[in-house]
Every structure is written in structure tokens, then in C-alpha cells.
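In my numbering, the protein residues as written are 19 to 259.
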């Protein structure tokens, strides 16, 4: 069983059309079925860290999946080299808000000295690495979904930052990009990576780029394109696993 999770329905329309068995668990929509011959369960968690953790915990407790794929849209930082519609794959996830704001600037959880998680004797503070082999397979799957009629889709991999407040100014975008060395921001990833670490479940995170993070201007976004491209890549990843 492979578990899939996204925050909102628009990010998973391709999967809800194929997974016909639908139920509601703790107020969240759950879909089950087979894709490319394998058993798949997909949940729409709701937006933000708390909803994502709730959904991921349900999936891990109820189905004990062999792996979990978190997917959806995200915003790329200015120096990432990514464009709207491109794909980003996480190498690791970082909590962007958890820490202390001091007179000298932001300091992460390690400054407090209390880890957010301990697993196998390893302490985790703001940073949660993801499965490298699976991330590589996700990047490799991009070649199969690029079609001349749709134009080229580029992919990048790197560090993702999870924030509670979406970035709406270029100044803030440059600050976060520099602080974390990140290519992409979202509102769920680090929390799901945190839970998967505790359960020992391998995880991939794949994001379609809906916007370049900066001064907020929704006229420059393309959420539909980002969501569709991301789902096509996830579908190809499932074929290759």
C-alpha cells in the first residue's frame, strides 16, 4: 500500500477520478483503489501543518503504508531557477517558523536545546531529511510526462521550507531563501516529514510550482497548471515504483 496526501481537492483530482472507493474518516475525505496495479490510498488533509499531521497520522495508523507521497503546489524562491509549472522535489524539509526571534535575528529550535523528535538516538530540530532514493525516482519520472505539445517542464530538487504564514513580499522571500538555502516553500511538508520520521515510513514530497515567491500578485500564479503537472509526475512515480 502506498499512501498519498495533499492539502486541497484541486491538487488531487486526477486521483479522485481513478480511486472510486470513497469514505470520510474524522472529517477527511479518503479514497482507495488501485493505480498501475498497486494498492493506493489517498487523503485530502486540509491546509496547514495541523491538518496535514492529522491526515498523515490516520494514514500511517490505519493502513501502515510502505511509503507516503506528499504532493501539491508550492511557491519557488527567486534564485531557485524554477518557473511556474515546473516541479520541485524535496531533499529535506525544514520548519521555517519554529525557533526564537532574538535581537540578532531568527534562531532555530537547536538554540532552545529541546529536539522536536528523537528517533533511533538521533535528535531532530528544524530539519527532517527525506528518502534520497525515492526522491531520485521522482526526478527521473519527469522525463515521461514532458510532452512537446505542453512545452517543457523543468525539475529541481533541494531544501523545502514549511511556513505558517505564506510569504507575500520579496524582502521576506529573499530572507527565507538565504536563511535556509531553500528552493521552495509550502505549509505542510515539515510536519508530515516529522510524523513519517517518527513512524519510520519513507516519504517523498513533490510540488508543482504555482508562483515565484515575492510581492504578492495572484495574477502571476497558475495553480491549475502547477497542480496538473504535479499529479502527472506523481502518477508516473507510482508506475515506476
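Don't be surprised by glycine CBs; every beta carbon is placed ideally from N, CA and C.
In terms of DSSP beta bridges, what is residue 256 paired with?
-> Answer is none; residue 256 lacks a bridge partner.
On the premise that residue 87 lies in contact with residue 222, defined as a C-beta separation below 8 angstroms, what is that separation, rounded to the nearest angstrom?
-> 5 angstroms
Sequence-distant residues of the same chain with beta carbon closer than 6 angstroms to residue 256, five excluded per side = 53 and 54
Short Cβ contact (7 angstroms threshold) for residue 209 with residue 67 | yes
Give the single residue among 95, 96 and 60 whose Cα lies nearest to the Cα of residue 83.
-> 60
When 252, 127 and 191 are compared against residue 158, the one with the closest alpha-carbon | 252
According to DSSP, is residue 168 helix, strand or coil?
-> Because the pLDDT at residue 168 is just 49, under 50, the model does not fix this residue reliably, and the value given afterwards should be weighed accordingly. Three-state DSSP puts residue 168 in a helix.
Is the stretch 227-242 close to the stretch 187-205, with three or more CB pairs under 8 angstroms?
-> yes
For residue 80, count neighbouring C-beta atoms within 10 Å of its own C-beta (all shown protein chains included) and say buried if the count is 16 or more, exposed if not.
-> exposed
How many angstroms separate the CA atom of residue 249 from the CA atom of residue 46?
-> 20 angstroms
Go ahead and pull the three-state DSSP assignment for residue 192.
-> helix
Mapping DSSP to helix, strand and coil, what is residue 44?
-> coil
Could you tell me the distance, in whole angstroms, from the CA atom of residue 110 to the CA atom of residue 133?
-> 17 angstroms
According to DSSP, what are the bridge partners of residue 203?
-> 93 and 179
Starting from residue 57, follow the beta strand (DSSP E) in both directions and report where the run begins and ends.
-> 56-62
Whose C-beta lies closer than 8 angstroms to the C-beta of residue 168 among residues of the same chain, with five residues either side of it excluded?
-> Unreliable positioning characterises residue 168 in this predicted model, as indicated by a pLDDT of 49, which lies under 50. The coordinate reading is nonetheless provided below. Cβ neighbours of residue 168 beyond the five flanking positions: none.
Have a look at the DSSP bridge pairing and note the partners of residue 235.
-> In DSSP, residue 235 forms no bridge with anything.
Sequence-distant residues of its chain with Cβ nearer than 7 angstroms to residue 191 (five each side left out) = 95, 96, 185, 231 and 232
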